[in-house]
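Per the working numbering, the sequence shown runs over residues 48 to 292. From the three backbone atoms N, C-alpha and C, an ideal C-beta is built for every residue, glycine too. Everything numeric in this text was worked out from a predicted model, so none of it was measured. Beneath this line is the structure, given in structure tokens, with notes to follow.
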Amino acid sequence: MARQLTTNPLLECCTSLFALMTPFKAADRGAGIPEGYRENIIAGFNELERMAFEREITMQVVKDARYALAAYIDEVVLTSDWPGRLDWMAKPLQLEFFGEHLAGEGFFSRLAELRQDGARSLDLVELYYVCLQMGFEGVYRLKGIEQLMALQVDLRSQIESHRGATTARLSPNGLPKEGMLARARKEIPYWVIGTVTAAVFFFTYLGYSIAIQSFTESSVESIVSYHKQVDPGAFRPVSLQEEAR
């Protein structure tokens, strides 16, 4: 019988960043995303650090997590149709955070080192695994998709050996043999999907809240302006002496 999956606190800290990548995977491939979207993503990294601090996650773990996410997000952005991708290319996250352009290879080098730590780095290994599930390919775009699929199967087996399987294990022979890697994704744990979905709903709600607040403030300003034209004295400043009366 499958054991219940242990929650990964590190992955919970990263849900907002995964949610911010959702618009890039829409039908327009991010063409409609505002040019200032980078600020939202940087804020997502700040949120990651804040949540990690609250959960007493070490700075080294956070650094390794930031590296994986920077590599993943850079690839998502640079392969999209977002108007700001050319500016992003001049200053990708991996360059801003780590001073390098080799995260497509460094991602897998770090992952290999983390896997040697066994259970101690399992939360990080699972985060790297989820990045792969979400579509990161890195140097495997050139090495070949079959090797990347084999790596994911091996990673899943390692994670399940510690966490416990949520479903029957997927044999390599059961994977589709056609299409891009996105069509060959294996099932992500249900709790991961739930937390990412919750983050998407949160940012959607936040967007509507900001829009409504902006609309309300604009409406109030219009009303005040109208009344000033009709009755200028109604909105004249009130002195402290008059207020005291």
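query                                                                                                                                                                       : result
Look at the alpha carbon of Glu-122 and the alpha carbon of Gln-194, and state the distance between them as a whole number of angstroms.                                    : 19 Å
Counting beta carbon pairs with one atom in the stretch 113-129 and one in the stretch 53-72, are three or more of them shorter than 8 Å?                                   : yes
Within the same chain, show all residues whose beta-carbon is closer than 6 Å to that of Leu-158, passing over the 5 residues directly before and after it, in chain order. : Tyr-175
I'd like to check one pair, Ile-80 with Trp-129: are the Cβ atoms closer than 8 Å?                                                                                          : yes
Is the distance from the Cβ of Val-172 to the Cβ of Gln-205 below 8 Å?                                                                                                      : yes
Going by DSSP, what residue range makes up the alpha helix (DSSP H) through Asp-201?                                                                                        : 192-210
Please list, in chain order, all residues of the same chain as Leu-202 whose beta carbon is under 6 Å from its beta carbon, the five residues on each side excluded.        : Tyr-176
Could you tell me the alpha carbon to alpha carbon distance between Ile-104 and Asn-93, rounded to whole angstroms?                                                         : 14 Å
For Gly-77 versus Ser-127, is the C-beta spacing smaller than 8 Å?                                                                                                          : yes
Reducing DSSP to helix, strand and coil, say where Pro-130 ends up.                                                                                                         : coil
Following the continuous alpha helix (DSSP H) through Glu-160, name the residue where it begins and the one where it ends.                                                  : 150-162
Note down, in chain order, each residue of its chain lying with its Cβ closer than 6 Å to the Cβ of Pro-56, except the 5 sequence neighbours on either side.                : Arg-102
May I ask which residues mark the beginning and end of the alpha helix (DSSP H) holding Asp-170?                                                                            : 169-180
State the DSSP-derived secondary structure class of Arg-102, mapped to helix, strand or coil.                                                                               : coil
Taking the straight line between their C-alpha atoms, what separation do you get for Glu-225 and Arg-188?                                                                   : Any answer about Glu-225 is weak, because its pLDDT of 39 lies below 50 and its placement is not dependable; what the coordinates show is given next. Their backbone Cα atoms lie some 15 Å apart in a straight line.
DSSP state of Pro-56, grouped into three classes?                                                                                                                           : helix
Can you give me the C-alpha to C-alpha distance between Thr-54 and Arg-167, rounded to a whole angstrom?                                                                    : 15 Å
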